[in-house]
Structure formats: C-alpha cells, structure tokens
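Going by this note's numbering, the residue at position 68 of the sequence shown is 462; the numbering climbs one at a time, nothing skipped. The beta-carbon is built from N, C-alpha and C at its ideal position, and this holds for glycine as well. First up is the structure itself, then whatever we jot down about it.
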Amino acid sequence: MIYSAKIVVEGPEEDLLAVKAILEPDAYLPKPKLEGNLLTFEIKSESPRKLRAEVNSLLRLFALIESLLVIVRSL
395 MIYSAKIVVE GPEEDLLAVK AILEPDAYLP KPKLEGNLLT FEIKSESPRK LRAEVNSLLR
455 LFALIESLLV IVRSL
C-alpha cells in the first residue's frame, strides 16, 4: 500500500520562491510545485511511519526557513 500526503504552503510569491530555491536542489525532498501564491509538496511512501517522519522533517524545514526570512528582512 502506498501512503501519501500533500502539503500546501500559502504566502507571498517572493517568499515561496525563496523556499522553493532552498528546498528544490535536495534530492531527498519532493520537488515543490509553485502555482501563484501556493507551493505544493506531494510525499509518497510505503510506510506510514516513514511518511510521518518525512512530513515532520519538511515542516521543521519550513519553520527554519521562515525564521531565516524574518531575520534577513530585519537587517
């Protein structure tokens, strides 16, 4: 059985472009799709535990990137 998750991030297009540019080169992450002000990630796995781990890793990366964007804007 294949398990899947879809993560949709909404925000200003310039922020989403930055997130995409940071995450896209990583061969272990799903390739993001940018459509307007939505960035979509689709993750598939044969194991629900592995899927949950991948989703959690991606969410932690989003939080880290968001913090970095806040710091850069405040400079």
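Subject >> Option in Ala399, Asp409, Glu418, Ala421 with minimal Cα separation from arginine 467 >> reply: In the sequence shown, counting from the first residue as 1, residue 467 sits at position 73. Per the C-alpha coordinates, the member of Ala399, Asp409, Glu418, Ala421 positioned closest to arginine 467 is Asp409.
Original post:
Quick one: what's serine 451 bridged to in DSSP?
Top reply: Here residue 451 corresponds to residue number 57 of the sequence shown, with the count starting at 1. Answer by DSSP bridge pairing: none, since serine 451 is not bridged.
Original post:
Quick one, are the C-beta atoms of isoleucine 401 and leucine 452 less than 8 Å apart?
Top reply: Residue mapping note: residue 401 aligns to position 7 of the sequence shown, counting from 1. Residue mapping note: residue 452 aligns to position 58 of the sequence shown, counting from 1. Between isoleucine 401 and leucine 452, the gap from beta carbon to beta carbon is short of 8 Å.
Subject >> Sub-8 Å separation of glutamate 407 and asparagine 431 beta-carbons >> reply: Counting from 1 along the sequence shown, the entry for residue 407 is found at position 13. Counting from 1 along the sequence shown, the entry for residue 431 is found at position 37. The answer is yes: Cβ separation under 8 Å.
Original post:
Between lysine 444 and proline 426, which are expected to be in contact by the criterion C-beta below 8 Å, what is the C-beta distance as a whole number of angstroms?
Top reply: Here residue 444 refers to the residue found at position 50 when the sequence shown is read from its first residue. Here residue 426 refers to the residue found at position 32 when the sequence shown is read from its first residue. The Cβ separation is near 19 Å, so there is no contact.
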